[in-house]
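The next block holds one structure in the form of structure tokens; read it before the comments.
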Ligand SMILES: Nc1ncnc2c1ncn2[C@@H]1O[C@H](COP(=O)(O)OP(=O)(O)OP(=O)(O)O)[C@@H](O)[C@H]1O
Ligand SMILES: [Mg+2]
């Protein structure tokens, strides 16, 4: 299948107190439509920076990011905003929901802002409810955001990220704040979305989570140090996948 995302010689430099910090150093990779890719690596290695740069949330210092044939580093801010709203979904830890809206209204908000589907307001709300039902949180539709558990809020974030039927979902540690049970539930949903065709790129520290992905990129000090492909054997047990990935991670000094 064609590459949905193609990253070439991506560099990101932050200047702090007049000192240049080269955080991403000529990163190259591509993601095909339908893949589910995990980004792993030590803390501070540049994982979030990479995700922000490839999703257009933050600019690159140099290099190109092609998304669906468009170089997003060359788009105007309006074009980029429309592309991100319509074709990309985001689950970022620091992205809070609006306090004065219910969970359902928060989920539907990106659809109200988008002209993509041509649905009426009512249809958009119905679509939001449908997603909440699918992710098992319909009972909290009318709750405020401080009236739900961490796992429910995270699943609500997934609903919100999916409301405009994006081609790709970017997630930064989507299970990072969750206990094992809630983490498993969220991963189950992400795997389902991926099986239905959504391309997913996510940062995670959790090998159990990464073992669900088809590919793992391991970043050290702003470079891709290794790339792992999960065995394609569908019958392989989760614990065997996890063990194989852990062995690979250990070889890289994880
Ligand atoms: N806005 C910024 N300004 C300056 N430096 C930054 C900025 N954001 C990140 N950095 C620096 O870039 C480096 C990489 O940060 P990044 O957040 O990408 O790491 P990470 O791999 O996601 O780490 P973690 O696993 O802890 O989330 C760090 O040294 C960080 O201090
Ligand atoms: Mg990070």
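Numbering (our numbering), first residue to last: 50 to 303. Backbone N, C-alpha and C fix where the C-beta goes; we use that ideal spot for every residue, glycine too.
Assign residue i to one of three DSSP states: helix, strand, or coil.
{"i": "residue 96", "result": "helix"}
{"i": "residue 241", "result": "helix"}
{"i": "residue 196", "result": "helix"}
{"i": "residue 101", "result": "helix"}
{"i": "residue 58", "result": "strand"}
{"i": "residue 72", "result": "strand"}
{"i": "residue 213", "result": "coil"}
{"i": "residue 205", "result": "helix"}
{"i": "residue 174", "result": "helix"}
{"i": "residue 187", "result": "helix"}
{"i": "residue 392", "result": "One cannot answer for residue 392 here, as it falls past the ends of the chain, which runs 50 to 303."}
{"i": "residue 77", "result": "strand"}
{"i": "residue 294", "result": "helix"}
Less than 7 Å separating the Cβ of residue i from some heavy atom of ligand 2?
{"i": "residue 216", "result": "no"}
{"i": "residue 221", "result": "yes"}
{"i": "residue 86", "result": "no"}
{"i": "residue 76", "result": "no"}
{"i": "residue 189", "result": "no"}
{"i": "residue 252", "result": "yes"}
Enumerate in chain order the residues of its own chain whose CB-to-CB distance from residue i is below 6 Å, with the five nearest sequence positions on each side excluded.
{"i": "residue 111", "result": "60"}
{"i": "residue 147", "result": "155"}
{"i": "residue 277", "result": "265, 297"}
{"i": "residue 192", "result": "152"}
Is residue i near ligand 1, going by C-beta to nearest heavy atom under 7 Å?
{"i": "residue 267", "result": "no"}
{"i": "residue 65", "result": "yes"}
{"i": "residue 96", "result": "yes"}
{"i": "residue 125", "result": "no"}
{"i": "residue 105", "result": "no"}
{"i": "residue 112", "result": "no"}
{"i": "residue 296", "result": "no"}
{"i": "residue 273", "result": "no"}
{"i": "residue 207", "result": "no"}
{"i": "residue 90", "result": "yes"}
{"i": "residue 71", "result": "no"}
{"i": "residue 108", "result": "no"}
{"i": "residue 302", "result": "no"}
{"i": "residue 93", "result": "yes"}
Going along the chain, which residues of its own chain have a beta-carbon closer than 8 Å to the beta-carbon of residue i, five neighbours each way excluded?
{"i": "residue 280", "result": "290, 293"}
{"i": "residue 239", "result": "85, 207, 218, 220, 223, 249, 251, 261"}
{"i": "residue 235", "result": "200, 203, 204, 207, 223, 224, 227"}
Could you check where the alpha helix (DSSP H) with residue i kicks off and where it finishes?
{"i": "residue 126", "result": "126 to 136"}
List the endpoints of the continuous beta strand (DSSP E) containing residue i.
{"i": "residue 157", "result": "Per DSSP, residue 157 belongs to no beta strand (DSSP E); it is in the alpha helix (DSSP H), 152 to 162."}
{"i": "residue 115", "result": "111 to 116"}
{"i": "residue 87", "result": "85 to 89"}
Go through its chain and collect everything with a Cβ distance to residue i's Cβ below 7 Å, but skip five positions before and after it.
{"i": "residue 98", "result": "61, 72, 73"}
Does the beta carbon of residue i come closer than 8 Å to any beta carbon on chain B?
{"i": "residue 190", "result": "Annotation note: the requested chain B is absent from the structure, which comprises a single protein chain."}
Contained beta strand (DSSP E) runs [length at least 3] in the region 215 to 283, N- to C-terminal order: 217 to 221, 248 to 252, 264 to 269, 272 to 278
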